[in-house]
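Visitor: Here UniProt numbering is used: position 137 in the sequence shown is 137, and no number is missing along the way.
Positions of the beta carbon are idealized from the N, C-alpha and C atoms, including for glycine.
On a predicted model such as this, the values are computed, not experimentally measured, just so you know.
Sharing a structure with you now.
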Amino acid sequence: MDRPPGGTPLERVARARRVAQHFDERSRFVLVLGFPVGPLQANCYVLARGEGEPCVVVDPGQDAVPPLADRLREHRLTPAAVLLTHGHFDHVFSAGAVCAEHDIAAHIHPADRFMLTDPGAALGPAGRQLFGDALVMDAPSEVRELADGDVLELAGLRFDVTHTPGHTSGSVLFGVGTEEGGRLLLSGDTLFAGAIGRTDLPGGDHGRMLKSLSTKVLPLDDDTVVLPGHGPTTTIGRERAGNPFLQGLPTSDALS
């Protein structure tokens, strides 16, 4: 759960809605549709090899069902799985509904699985009071647990799973390669354009976040395109050069 800096809410929504256009232009082999959902404007993504194909839905948060259905219909896509970058309700709220409608499983790291049935536990007493009834949601009936280093073959695509605790204990990255040799990274709330995820909620740990960034994010190639959990797309190279939260981090060797 996060809202990184980067302009007014309307500006952030407009940038996030350009995700699909960006990837239609960049890759003939991976169709990526991205759109912000819910009051916290979490990005939901749909990935497929092309129109009329099976697809994977990533982070279907609050109010995701209607816009997701529109995109599935427009591009003739059939969901094969739901992937969850972490357990915060603004990223998983509609996972149960999507999984039930399409008879598919949700994939999440075991450290965050409890949030699917008790979303308020990750927010603390103040968060429970603030969001109230908004935390009532249906959990997916079939849940498959992720582990660091997993490789998922779904909808004709390969997803590499990297555990990056910090924002939550069970945060993960999903890496996706394209046949053109490009690389996409679904970063959840670990990395944003110009920011990183907050670590002050239950389960967050700033030290673990910095280690995840140093050992799991910064070693990635500069041209890796980042699809974050909130806000606009970016690249590893852009964040390495200009993200203030990445400057001065110790190297992987120093942390090993």
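1) Would the beta-carbon of ALA64 fall within 8 angstroms of that of VAL46?
2) Applying the criterion that 16 or more other CB atoms from any shown protein chain within 10 Å of the CB defines a buried residue, is GLY242 buried or exposed?
3) What ranges does the alpha helix (DSSP H) occupy inside the region 179-214, keeping only unbroken runs of at least 4 residues that lie completely in it?
4) Could you check whether ALA81 and GLU142 sit closer than 8 angstroms to each other, using their CB atoms as the reference points?
5) Pull up the CB-CB distance for PRO54 and THR78, whole angstroms please, since I reckon it's below 8 angstroms.
6) Where does VAL217 fall in DSSP's three states?
7) Please state the DSSP three-state secondary structure of LEU173.
8) Looking at C-alpha atoms only, which residue of THR178, ASP148, ALA134 is the closest neighbour of ARG49?
9) My output table needs one value for ASP160: the three-state DSSP class, helix, strand or coil.
10) I need the straight-line Cα distance from LEU123 to HIS88, nearest angstrom please.
11) Applying the 10 Å Cβ sphere with the 16-neighbour rule, what's the burial state of HIS206?
12) Return the chain-ordered list of same chain residues with a C-beta closer than 6 angstroms to the C-beta of PRO202, the five sequence neighbours on each side being excluded.
13) Please report the straight-line C-alpha distance between PHE192 and LEU210, rounded to a whole angstrom.
14) Under a three-way DSSP split, which group does ALA147 fall into?
15) Would you kindly report the start and end of the unbroken beta strand (DSSP E) that includes HIS107?
Guide: This is what the structure holds:
1) At a Cβ-Cβ threshold of 8 angstroms, ALA64 and VAL46 do not count as neighbours.
2) Looking at its Cβ environment, which holds fewer than 16 other Cβ atoms inside 10 Å, GLY242 is exposed.
3) Listed in chain order, they are 206-212.
4) For GLU142 and ALA81, no; Cβs fall outside 8 angstroms.
5) PRO54 to THR78, Cβ: 5 angstroms. Contact.
6) Three-state DSSP puts VAL217 in a helix.
7) LEU173: strand per DSSP, three-state reduction.
8) Nearest C-alpha to ARG49: THR178.
9) In the structure shown, the three-state DSSP call for ASP160 is strand.
10) Going by the C-alpha atoms only, they are around 8 angstroms apart.
11) The residue in question, HIS206, is exposed, as its Cβ has fewer than 16 Cβ neighbours within 10 Å.
12) Cβ within range, chain order: ALA122, GLY124.
13) Taking C-alpha positions only, PHE192 is separated from LEU210 by approximately 14 angstroms.
14) In the structure shown, ALA147 sits in coil (DSSP, three-state: anything other than H, G, I, E or B).
15) Residues 106-108.
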